[in-house]
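A.B. asks: The opening residue of the sequence shown carries number 1 in our numbering; numbering runs sequentially from there.
Using N, Cα and C, we set each Cβ at its ideal position, and we do this for glycine too.
Remember, predicted model here, so these are calculated numbers, not experimental data.
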Amino acid sequence: MAKGRSAKPQAPRGGGRATAPVADGPDWLYGIHAVRAALLNPKRRILRIIATEKAFETIAEPARKRGLQVEKADARELDQMFPAGAVHQGLALRVAPLPEPVLADIIEQTKAAEAAGETARPVVILDQVTDPQNVGAVLRSAAVFGARAVIVTRRNSPPVTGALAKAASGAVEQMQLVQVPNVAQAIAVLQSEGWFAVGLEGTGDKSLSQMDLTGKIAIVMGAEGTGLRRLTAERCDMLARIPGEPGFASLNVSNATAVTLYEISRQRGA
């Protein structure tokens, strides 16, 4: 790509304006936080960047540092690129996929951290959580509370689309997202390396606050409505619950994850 000027976004070659078909696949990101985080991530390869005049200043500096030409568009053109209701905030970014970590990477990183005297960071395991907004929000909470990774099933989990990245508010670029073929097997591998797996269920044996969450903790969260699958629940070392007002509906999976990660952080004095 040719270098763009730092003052204004540039029109594509030929004098036309930026246009594209509906772009909600895994190679398109949108929204200020998702786009800026991708531009600031040296591991992310950028293929194309589109901005309105108003939004350009929010990404001008990182785009300039990476030598990127920014194409110009108006808000209506971006509206046509993305599904109805997508809050693009005047920015669209086409990207190459990030390198995919595997479970063994997470284990080795944890061993290295422990050897350096650091406390093991928790991991979050999502058992067939399919809603991209929820997965994005979980990634955001995991980044805020310093988790090591979020682990999902290779099947029955959403791809990293613009909608998921928008919900993650930049955390897609920070948090390791590991895909595994089987959640129960992944839990077993972690347990063999000294992890304690805590499944969250409304009928859990103990309240979170009654548990010692200071060790190597893997929290396991089920899907909306169905919760943890039977084999997943049986594989966990303990089922815990989040105390709440009797008779009131439970938290959704992203909120429950945030509460659990906060409790882990609180117990560790963070």
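1) Report the residue from 209, 218, 227 whose alpha carbon sits nearest the alpha carbon of residue 263.
2) Per the contact definition of three or more C-beta pairs closer than 8 Å, is the region 200–208 in contact with the region 161–174?
3) Going by DSSP, which residues form a beta bridge with residue 153?
4) To the nearest angstrom, report how far apart residue 21 and residue 153 are at their CA atoms.
5) What would DSSP say about residue 31, mapped onto helix, strand or coil?
6) Between which residues of its own chain and residue 132 is the CB-CB distance below 7 Å, once the five residues before and five after are set aside?
7) Cβ atoms of residue 226 and residue 268: under 8 Å apart, would you say?
8) What did DSSP end up calling residue 59 once you bin it into helix, strand or coil?
9) Which residues in the same chain have their Cβ closer than 6 Å to the Cβ of residue 265, if we skip the five residues on either side of it in sequence?
10) CB-CB under 6 Å to residue 142, same chain, minus the five flanking residues each way: which ones, in chain order?
11) Can you round the beta-carbon distance between residue 211 and residue 240 to whole angstroms, since I take them to be within the 8 Å contact cut?
C.D. replies: Taking the coordinates as given:
1) 209
2) no
3) 180
4) Legend: pLDDT at residue 21 = 45, less than 50; position of this residue unreliable, value from coordinates given subsequently. In a straight line, the C-alpha of residue 21 is about 29 Å away from that of residue 153.
5) coil
6) 158, 161, 163, 164, 167
7) no
8) helix
9) 145
10) 124, 150, 175
11) 6 Å
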